[in-house]
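Novice: The sequence shown: position 201 = 201 (our numbering), numbered continuously. Note that the Cβ used here is the ideal one computed from N, Cα and C, for glycine as well.
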Amino acid sequence: MNTLFTRDPLVAAAFVRDAQLAAFPTETVYGLGADARNECAVRRIFEAKERPPDNPLIIHLAAGVPLTEVAAEMPEAARLLHERFMPGPLTLIMPRRENITAMVSSGLPTVGVRVPNHPVAQSFLKACGTPVAAPSANRSGRPSPTTWQAVSSDLAGRIACILQGEDAQIGLESTVVDCTVNPPLILRPGAITLEAIHNVIPEVRIDDASNDAAKKSPGMRHRHYAPRARVVVVDSADSSGLAAESSRRAGYIGLQRPQAPEAFALIEICSSLEMYARRLFDFFRRCDEAGIDVIYCQKAPLAGLGRALMDRLGRASEV
Ligand code: TXA
Ligand code: MG
């Protein structure tokens, strides 16, 4: 298949209206969009990504479209979170309306809904004129794409269109909150932090991957965000020694400079947690291109955005 590259949201949206796939930028990561009301189009997403069919997709809406376009009802928690944080990097799990094909939700009676806070994404979604099912625009198992070049390297030749935009501002996927349970449960931490949600819904709970709730978000069962290289989470002080011991090519990303920077073939020092989040997946991809075998990632504090970062590092380092 010939992939068309464009900077025009209207051109990309025409493919979605024609039941084809178009990748598009958002503030979190790039998405791979299809008409959520068209089962053939949705099936194409699973094929292009080689995504396991038991991993449900998030539906994206233009700002101002009522969430009840795709949700059968809005639980009170969803109402509060929608009001406070949308548009933004947040996905709400709600009961699914029957106009949305069950394939979007991998057969679950629920649906994930997100309204991106990104001007190009919004122009694109408006022009699509239909709810857009969109997972991250990577091959299944690879790090999520934060640049159109990363989308291209995973999916060019497999999808109809890539809408080229800026690099993603946040760099980690949206916070996912299950609003069908009481109290609501954070299934995936993101840039809308536990602390921020707690201010709106004091009872909110967070899933840690070790408990049962992990099964609620089927996608969280699969290995994620992983570069080909092995990922090792370290305190910065340890990292240089580890790299020096190893004869392999090593990379390092973190907030502080390691003791022996010369031991690393690729190194990225981030001046803030926000920058660490923004750069992480792109660094993974650059390490793979450079033939690096092991990537040392400095621990982040388990609070605020650090919780999302540590979640992704934990998943990437699982063997
Ligand atoms: O920031 C984001 O959310 C990006 C951009 C493109 O919007 N999208 C994204 O989609 O990260 P994806 O498919 O890579 O991750 C969706 C996550 C998966 O962990 C999936 O299991 C979960 O959301 N999910 C989707 N629908 C669900 C549902 N009905 N119940 C529980 N979990 C659901
Ligand atoms: Mg994904």
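Are the Cβ atoms of Arg-278 and Ile-170 separated by less than 8 Å?
Specialist: Yes, the pair counts as a contact, with Cβ atoms nearer than the cut-off.
Novice: Quick one: what does DSSP say Ser-317 is sitting in, helix, strand or coil?
Specialist: Note: Ser-317 maps to helix in three-state DSSP.
Novice: Cβ of Pro-135 within 7 Å of any heavy atom in the ligand MG?
Specialist: Flag set: Cβ of Pro-135 near the ligand MG.
Novice: Measure how close the beta-carbons of Gly-190 and Ser-174 come, nearest whole angstrom, since I'm counting them as under 8 Å.
Specialist: With a Cβ gap of about 5 Å, Gly-190 and Ser-174 count as contacting.
Novice: Could you tell me if Pro-145 is buried or exposed, where buried requires 16 or more neighbouring beta carbons within 10 angstroms of its beta carbon?
Specialist: Burial call: buried.
Novice: Whose C-beta lies closer than 6 Å to the C-beta of Ile-58 among residues of the same chain, with five residues either side of it excluded?
Specialist: Contacts found: Thr-91, Gly-112, Arg-114.
Novice: By alpha-carbon positions, which one of Cys-297, Pro-184, Gly-314 ends up nearest to Arg-79?
Specialist: For Arg-79, the nearest C-alpha among the options comes from Pro-184.
Novice: Using the Cβ count rule (16 or more neighbours within 10 Å means buried), how would you classify Met-94?
Specialist: Buried, by the Cβ-count rule.
Novice: Could you tell me the distance, in whole angstroms, from the CA atom of Ala-121 to the CA atom of Arg-248?
Specialist: Roughly 41 Å separates the two Cα atoms.
Novice: Work out the CA separation of Ile-186 and Pro-202 for me, nearest whole Å.
Specialist: Going by the C-alpha atoms only, they are around 13 Å apart.
Novice: Excluding the five sequence neighbours on either side, which residues of its own chain have a C-beta within less than 6 Å of the C-beta of Ala-20, listed in chain order?
Specialist: The displayed chain sequence assigns Gln, not Ala, to residue 20. Result list for Gln-20: Ala-160, in chain order.
Novice: Our contact map puts Glu-27 next to Pro-89 with C-beta atoms below 8 Å; I'd like the distance itself, whole angstroms only.
Specialist: That belief holds up - the Cβ atoms of Glu-27 and Pro-89 are roughly 6 Å apart, short of 8 Å.
Novice: Is Gly-331 near the ligand TXA, with its Cβ less than 7 Å from a heavy atom?
Specialist: Not covered by the structure: residue 331. The range shown for the chain is 1 to 319.
Novice: Just grab the DSSP bridge partners of Leu-4 for me.
Specialist: Its beta-bridge partners are Cys-161.
Novice: Answer yes or no: the CB of Thr-101 versus the heavy atoms of the ligand FAD, is any distance below 7 Å?
Specialist: Looking at this structure, you won't find the ligand FAD anywhere; what it does contain is the ligand TXA and the ligand MG.
Novice: Consult DSSP for Leu-80 and reduce its assignment to one of helix, strand or coil.
Specialist: If DSSP states are grouped into helix, strand and coil, Leu-80 belongs with the helices.
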